[in-house]
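A quick write-up on the structure given underneath.
In the numbering used here, the protein residues as written are 3 to 390.
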């Protein structure tokens, strides 16, 4: 009996002539992710990725790791055997024996990808189901709502037996959708936005702005932790930490109070755009959510991005906060995000921010600032940290 992990491709199967490029990227990502746990032989056949262990290792941990790789629609741990009906029944009993003994009802579903196999899918299901019922009389067939679903797949190299498939991460393989800079704060929203855009195959470069001593070292460490938590989905990340204290103080001293936040955000956009162009990125990503705070009104968002010449993507723009929190819990960033360490925007938030700023008044206010020098100084002093 050969213990193996099967990953079924999702959207990749809809690709045309470049499908192989997506598939190869998915295989590379699976190799990197599972390589942390041991040696695997990983290959693709018939829209399925096979991860076959080459040594004794923790297969349950490997299964959990495989579920975080973007590009796989479903993931399952399976047992391989000869394409022989008796061997298949034997494998079902040996591999799923505990589940069979615990269940009261069952169903067998078969898929025959190898059309040379002498039995049809229905015939194989009936045979395996009959044999299992004879050997386990307590187990009753239920075609509609079984406690245990036994899957049998006849594929090119072997037959495979497994229980219900578990949901994979879905989306497209990271690295197949280009590169983007994501603005990563210490809040709930931006890690979720980063996760969602990475799910579309985008390789991310996170950037974080901090204002020491107004914000603590703990606030910076919190964001680094968030970046590390995202690596289980996004792969290795290099986070850019940009000092923002001088810029914030200049804006507070020389600009109208009501425009402080929107001008700060425009500086962040400018710096992020510079990093994007230096790293071959095509767009910026933010965690903005329409109407959530004063700086995220339609007018404020428009003014914030009118200082850059690069697309700005906002995956969460129409989400309810409850939905964002639920997703943060699901991907494992929520508990870190709610740690009580403020970011630079929160510290310098004015008492009465303008919710409908005008571009011309913002540009007039910015004439009091040496924009190019401030941006260049911040970029020169930035710090890069590898997150794994």
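C-beta atoms are modelled at their ideal positions from N, C-alpha and C, and glycine is treated no differently. From a predicted model like this one, the values you see are computed outputs, not experimental measurements.
Euclidean distance between Cα positions of residue i and residue j
i, j, result
"residue 285", "residue 293", "22 Å"
"residue 46", "residue 21", "12 Å"
"residue 321", "residue 290", "10 Å"
"residue 219", "residue 229", "16 Å"
"residue 352", "residue 268", "16 Å"
"residue 311", "residue 275", "8 Å"
"residue 384", "residue 250", "16 Å"
"residue 171", "residue 256", "47 Å"
"residue 114", "residue 155", "6 Å"
"residue 6", "residue 169", "17 Å"
"residue 95", "residue 81", "11 Å"
"residue 138", "residue 145", "17 Å"
"residue 225", "residue 277", "18 Å"
"residue 188", "residue 13", "32 Å"
"residue 282", "residue 366", "32 Å"
"residue 303", "residue 338", "27 Å"
"residue 55", "residue 157", "18 Å"
"residue 69", "residue 31", "12 Å"
"residue 1", "residue 120", "Shown here, the chain extends from 3 to 390; a query on residue 1 therefore has no answer."
"residue 231", "residue 134", "43 Å"
"residue 254", "residue 185", "22 Å"
"residue 173", "residue 63", "22 Å"
"residue 27", "residue 241", "22 Å"
"residue 16", "residue 319", "27 Å"
"residue 74", "residue 24", "11 Å"
"residue 390", "residue 110", "41 Å"
In DSSP terms, what residue i is bridged to
i, result
"residue 205", "181"
"residue 188", "In the DSSP output, where bridge partners are listed per residue, residue 188 has none listed."
"residue 2", "Because the chain in this structure spans residues 3 to 390, residue 2 falls outside the shown range and cannot be described."
"residue 50", "10, 47"
"residue 287", "184, 315"
"residue 325", "Residue 325 pairs with nothing; no bridge assigned."
"residue 112", "154"
"residue 276", "Its beta-bridge partners do not exist; DSSP assigns none."
"residue 143", "108"
"residue 42", "55"
"residue 257", "Answer is none; residue 257 lacks a bridge partner."
"residue 83", "161"
Classification of residue i by the beta-carbon crowding that lies within 10 angstroms, buried from 16 upward
i, result
"residue 164", "buried"
"residue 175", "buried"
"residue 143", "exposed"
"residue 199", "buried"
"residue 265", "buried"
"residue 124", "exposed"
"residue 11", "buried"
"residue 98", "buried"
"residue 375", "exposed"
"residue 287", "buried"
"residue 370", "exposed"
"residue 9", "buried"
"residue 382", "exposed"
"residue 298", "buried"
"residue 153", "buried"
"residue 161", "buried"
"residue 388", "exposed"
"residue 166", "exposed"
"residue 191", "buried"
"residue 300", "exposed"
Helix, strand or coil at residue i [DSSP, three-state]
i, result
"residue 245", "strand"
"residue 298", "helix"
"residue 316", "coil"
"residue 14", "helix"
"residue 270", "helix"
"residue 218", "coil"
"residue 135", "helix"
"residue 58", "coil"
"residue 33", "helix"
"residue 353", "coil"
"residue 343", "coil"
"residue 365", "helix"
"residue 176", "coil"
"residue 385", "strand"
"residue 91", "helix"
"residue 151", "strand"
"residue 193", "helix"
"residue 240", "strand"
"residue 161", "strand"
"residue 211", "strand"
"residue 168", "strand"
Proximity test, residue i beta-carbon vs the ligand FAD heavy atom, cut-off 8 Å
i, result
"residue 363", "With respect to the ligand FAD, the structure offers nothing, as it holds no ligand at all."
Item to check | Sufficient close CB pairs (3 or more, under 8 Å) joining the segment 239-249 to the segment 208-215 | outcome: yes
Next on the checklist: With a threshold of 8 Å, are at least 3 pairs of Cβ atoms found where one atom belongs to the segment 32-39 and the other to the segment 93-105?
Outcome noted: no
Checklist entry - Contact between the segment 189-205 and the segment 329-337: three or more CB pairs below 8 Å? => result yes
Next on the checklist: Would you call the segment 86-94 in contact with the segment 119-132, where contact means no fewer than 3 C-beta pairs closer than 8 Å?
Outcome noted: yes
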